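Peer 1: In terms of our numbering, the sequence shown opens at residue 6 and continues consecutively.
Even for Gly, the Cβ is constructed at its ideal location relative to N, Cα and C.
Just so you know, these numbers come straight off a predicted model, no measurement behind them.
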Amino acid sequence: MPELPSPPLELRMSADGAIAFSFGDQEICYRGRSSCEYGRLATKAKEPFCAVILHHNPPHRSLDWLIDYQLKGDETRGGHFGYHFYVVDDGRVHQGAPLTVRTNHIKGLGYKVRKDFGKIAENRNSIGVTCVGAERPEGFVPTRLQKAATISLVRSLSHTFDIPIENVFGHGEIQSDRRYQEGASIAAYIRSVYGERVVE
């Protein structure tokens, strides 16, 4: 009989549910700012989290650049864009936005680029997690430590917020204007290994 996966690591959070301190023995560095609007419309229409979307960024976009971009906003695009969590190549995790707000990280269902797969996910109900620097010419290539930390983080988030593992998606799986590989390999792995099992 195959060995069952270990239970998810406990996600320790602030009393108000905004800041995650750690999961297991992995500390989380908070980089958010109370003055940031984040996803203003998504936060106004926020619903309980029901999905996790995995992303990647190119190596020339450093963690500091990505956090700064999210906090300052983009006037040309008309808002703040970024993620709740940033996982760097050595497996360390940084939180870029409070979990009490929503971030702009995927296009809505009204866009033609949205696929039927993963249509449950919207900015108003999804946690965005990105692997910093994992976008390579050959596709989505996170480091071993980055992949392990992302899997553990996603399992902890799913357990804490009662998000079905089947609702973990890669950005490229749900949006046709993204490279299909974006987040897809880790998301598919998490769904296949930690999803619902039929016990015979």
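I'd like the span of the alpha helix (DSSP H) that includes G177, first residue to last.
Peer 2: Its alpha helix (DSSP H) spans residues H176 to I179.
Peer 1: What distance in whole Å lies between the Cβ atoms of H89 and Q100, which are believed to be in contact at a cut-off of 8 Å?
Peer 2: 6 Å
Peer 1: Kindly list the residues whose CB is nearer than 6 Å to the CB of G200, restricted to its own chain and excluding five residues on each side of it in sequence; keep chain order.
Peer 2: I170 and E171
Peer 1: From the DSSP output, which residues share a beta bridge with K31?
Peer 2: Note that residue 31 corresponds to Gln in the displayed sequence, not to Lys. Within the DSSP secondary-structure output, Q31 pairs in a beta bridge with F28.
Peer 1: Distance, Cα to Cα, V203 vs R196?
Peer 2: Interpretation of V203 is limited by its pLDDT of 45, a score under 50 that renders its predicted location unreliable; the figure taken from the coordinates is listed afterwards. Between V203 and R196, the C-alpha separation is close to 14 Å.
Peer 1: By Cβ distance below 6 Å, which residues in the same chain neighbour E205 in space, the five residues on each side in sequence not counted?
Peer 2: Annotation note: pLDDT 43 at E205 (below 50); position unreliable, no value reported.
Peer 1: Taking C-alpha atoms, which residue in E140, G138, R119 and H110 lies nearest to H85?
Peer 2: It is H110.
Peer 1: Would a C-beta distance cut-off of 9 Å place E187 and F145 closer than the cut-off?
Peer 2: Judged by beta-carbon spacing, F145 lies within the 9 Å limit of E187, meaning their Cβ atoms are closer than that value.
Peer 1: In angstroms, rounded to a whole number, what distance separates the CA positions of L71 and G87?
Peer 2: Between L71 and G87, the C-alpha separation is close to 7 Å.
Peer 1: Quick one: what's got a C-beta closer than 7 Å to V198's C-beta in the same chain, skipping five residues either side?
Peer 2: P10
Peer 1: With a threshold of 16 other CB atoms inside 10 Å of the CB of V93, please say whether the residue is buried or exposed.
Peer 2: buried
Peer 1: Can you tell which of G113, T135 and S40 has the C-alpha that lies nearest to the C-alpha of E127?
Peer 2: In terms of Cα proximity to E127, the closest of G113, T135 and S40 is G113.
Peer 1: Assign I148 to one of three DSSP states: helix, strand, or coil.
Peer 2: Residue 148 is actually Thr in this sequence, not Ile. It is coil, neither helix nor strand.
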